[in-house]
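Protein chains in written order, with my numbering: chain R, 5 to 305; chain H, 276 to 492.
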Amino acid sequence: MIHWLRLHRLALLATLRLILAHPLASLFNLLVIGIAVALPLGLYALVSNLQGLAGQLPTETQASVFLHTNAGPADIGRVQTLLSQDPAIASARHINKHQALKDLEQTSGMADLLAGLGDNPLPDSFELTLKDGASTDLAALQTRLKADAAIEYVQLDSEWAQRLASIIRLGREAALTVAALFGAALMLITANLIRMQILTRREEIEVSKLIGATDSFIRRPFLYFAAVQGLLGALVGIALVGLGLNRLNGPVSQLASLYGQSFQLHLPSPPVLGLSLSTVALLSLFGATLSVGKHLRSIGN
Amino acid sequence: MIQFNQVSKRYPGGFEALKNLSFQIDAGELVFLAGHSGAGKSTLLKLIAGIDRPTAGSVVVNGQNLASISRGALPFLRRHIGLIFQDHKILFDRTVFDNVMLPLDIVGYDRREAARRARAALDKVGLLGREKLNPISLSGGEQQRLCIARAVVHRPSILLADEPTGNLDRAYALDIMELFKSFHQVGVTIVISAHDESLMADYGRRILRLNKGQFTQ
C-alpha cells in the first residue's frame, strides 16, 4: 500500500515538475483547454442567468378578452358562460367597464381629461387564467373565442414570456451541444498533447522499459499529467467566464435599472462548476488513456 | 542461470543472426562473448534480457522461458538483470544522480534508502563527486561508468554488458574491467561482449566466440 502510494506520489510530483519546467508551453495548453471550457460554460451561465430572470416573471398563462364597447348585459352573461365552459380556461374575472374607467382615473391622473369625454371609451373585459398545458393551444383558443360576435379582441398577456422560455430552452440545448462538441475536442487535444509528450520522452520510456518498468509505471505520469492539466485548464476556463460575466455586469445592471430592476450575472452554482471540473478531468484522462495505449506499444520491448 | 537450447534468431527480412545455439551459463559465472561486429553478440544479449524473442528454441533465464514469457511478467524479470549498453542510453534531461535513481524509482524504493544506494553505486564507479551534474558534461568513459552504476544500483543477479569498453582507450577499459571483476567477486553472473579479445585473455575466464551466428573454437 505504502509502496503503491509512493509510486503515485512520484508520478504526481513528476507531473508538477513537468508543468513548471515548461511554463510558457504549459500556459498555452491551459489556455487552449480553458477556452474550450469557457465557451460552453459561458453560454450555460448566460442561459441560466436569463432563466433566473424569467423565473421572476408570471409563469402561469394569462389572457385578456375585450368585448365590443356596445356589448349589453346579455352579451356579457353569454360570454361569461362561454368562458366558464371552455376546457382551456381555469378562471375568468369580469372587469366592468365603469369600474375600469374609475380605476384608470385613479391610476393615470387623467381624471379631467376623462371627465371631458362624453361616453366611456372602455369596453367590458375578462381577465383569464389558463389551465396548465393549455398554453400549447393558444391559437385555437383565440379563434374559438373570436367566433362570438360580442368579443372584439383576445390578447395573450404572457405570450412573450413563453417565447422567452422557448428561447432559453433553445439556449440550453445549444449550450449542451456546444459542450459535447468541445468535450470531444478537448479529448482530442489532450490525446495529441500526450502523444507529443510521449514522443519527446521516447528515450526515457525506452530506457525505463529496459530496466524493468511495468506498463502502468510508464503510463501513470502521462495520465496524471492529463488529469492535472485538465483540472487546471478547467479552472482557467471558469476564470475566463468569471471575467467575461464581470465585464458584462456593468451594462447589464444599467439595462436592468432602466426597467426598474436590479439584476446581476452570476457564475453557475458550485455543483455545476464542480461537475464541469470533474468532467474535464475525466475527458482529459480518457483522451490520454487512448493516446498512451496507442503509442506506448510502438516504443521498445 | 542462463540456458540456451537450440536457439535461432531470424530478423524480419530473413537475416539469421543466431543459428542453433546451445549453451549454459551458471550462477556466479563471468563469461566473455567475443566476435566481430555483426557476429550476433548483441542479439544474444538481447535474447537474455527479453528485448528480442528467439525464432526457434528456448532461452531460460532465472528458471523462466523467455520464448513464452508474458508481456506483463517481463518487467519483473528485467529487475533481476543489469543492462550496460554500448551507447550508454543515459538520459540527459536529469542529473547524474537521478539517472542512477531511475531503476529504484521504478521498483518504488523508499526514497531515503534509494538515495543511499544510488550514492553507494556512484561511489563504486568513482562518480560520487559529480552526482549533481548533467551527464552531458561527463567524458565518454565517465558516461560508461554512470551506465554501470545505473545497471548495478538495484543489485541485479545478472549483469549484461554490450561492448562496455568499445569506445574507450586501454587504460579506461582496464578500469572498467576491474569494476566487473569486483561485481563478479560478490557473486553476480556477468556476460560481457567485446570485439577486442586482448582484454579478455588476462582474466582466464570462459570465452564464447561467435562468428556469423555460430560458435567457433
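Even for Gly, the Cβ is constructed at its ideal location relative to N, Cα and C.
From a predicted model like this one, the values you see are computed outputs, not experimental measurements.
H270/R and S288/R have their C-alpha atoms roughly 27 Å apart. Contact annotation: I381/H and R354/H have beta-carbon atoms nearer than 9 Å.
Residue state for H270/R is assigned as coil, using DSSP reduced to three classes.
Under the 9 Å criterion on CB atoms, G248/R is classed as non-interfacial with respect to chain H. Residue environment for T19/R: buried (at least 16 other C-beta atoms within 10 angstroms of its C-beta).
In this structure, DSSP gives I300/H an extended state, which the three-state scheme calls strand. Uninterrupted beta strand (DSSP E) stretches at least 3 residues long and entirely within the stretch 108-187 of chain R occur at 129-134 and 155-160, given in chain order. Chain R has no Cβ within less than 9 Å of the Cβ of D471/H. No Cβ-Cβ contact shorter than 9 Å links L402/H with V428/H. Annotation: T85/R is outside any beta strand (DSSP E); the continuous alpha helix (DSSP H) that includes it extends over P77 to Q89.
Around the CB of Y263/R, fewer than 16 other CB atoms lie within 10 Å, so the residue is classed as exposed.
Chain order gives the chain H residues near A217/R as P350 and I381, where near means a beta carbon separation below 8 Å.
Beta bridge pairing from DSSP links L293/H with K284/H. Listed along chain H, the residues sitting closer than 7 Å to R10/R by beta-carbon distance are G383. Comparing alpha-carbon positions, the option among L247/R, Q268/R, L16/R and S302/R lying closest to L203/R turns out to be S302/R. Taking each of L485/H, A324/H, A302/H and F290/H in turn and checking the Cα distance to L435/H, the smallest one comes out for A324/H.
I356/H sits in a strand when the DSSP states are folded into three classes. Per DSSP, Q460/H is not a residue of any beta strand (DSSP E); the alpha helix (DSSP H) it occupies stretches across R445 to Q460.
For H7/R, the enclosing alpha helix (DSSP H) has its first and last residue at I6 to A25. With a beta-carbon spacing of about 4 Å, V335/H and Q278/H fall inside the 8 Å limit used to define contacts.
When DSSP states are grouped into helix, strand and coil, F367/H belongs to the coil group. Residues of chain H with a Cβ closer than 8 Å to the Cβ of H26/R do not exist, since the nearest Cβ in that chain sits about 12 Å away.
Under the 8 Å Cβ criterion, the stretch 454-472 of chain H counts as touching the stretch 300-316 of chain H, having at least three qualifying pairs.
Contact annotation for P378/H against chain R: I215 and G216 [CB-CB distance below 8 Å, chain order].
The secondary-structure analysis by DSSP pairs N340/H across a beta bridge with V335/H. Between Q361/H and E472/H, the C-beta gap is not smaller than 9 Å, which leaves the two residues out of contact. Cβ atoms of A389/H and L379/H come within 8 Å of each other, at about 4 Å.
Pairing N196/R with F226/R, the inter-Cα distance amounts to about 12 Å. A residue is called buried once 16 or more other Cβ atoms fall within 10 Å of its Cβ, and M376/H is buried on that count.
Neighbours of L358/H in chain R, taken as residues at a C-beta separation under 8 Å, are given in chain order as L214 and I215. Looking from the CA of S257/R, the closest CA among N250/R, G248/R, R10/R and F267/R belongs to F267/R.
Within 8 Å of the CB of L366/H, the CB atoms of chain R belong to E207, E208 and V211, in sequence order along the chain. Nearest to T73/R by alpha-carbon distance, out of T85/R, P127/R and A144/R, is P127/R. Contact annotation: in the stretch 314-326 of chain H, residues whose CB is within less than 9 Å of a CB in chain R are K321, A324, G325 and I326. Taking 9 Å as the cut-off, the beta carbon of H98/R is found closer than this to the beta carbon of F130/R. Put simply, of G383/H, R285/H, S412/H and P350/H the residue whose alpha carbon is nearest the alpha carbon of P329/H is R285/H.
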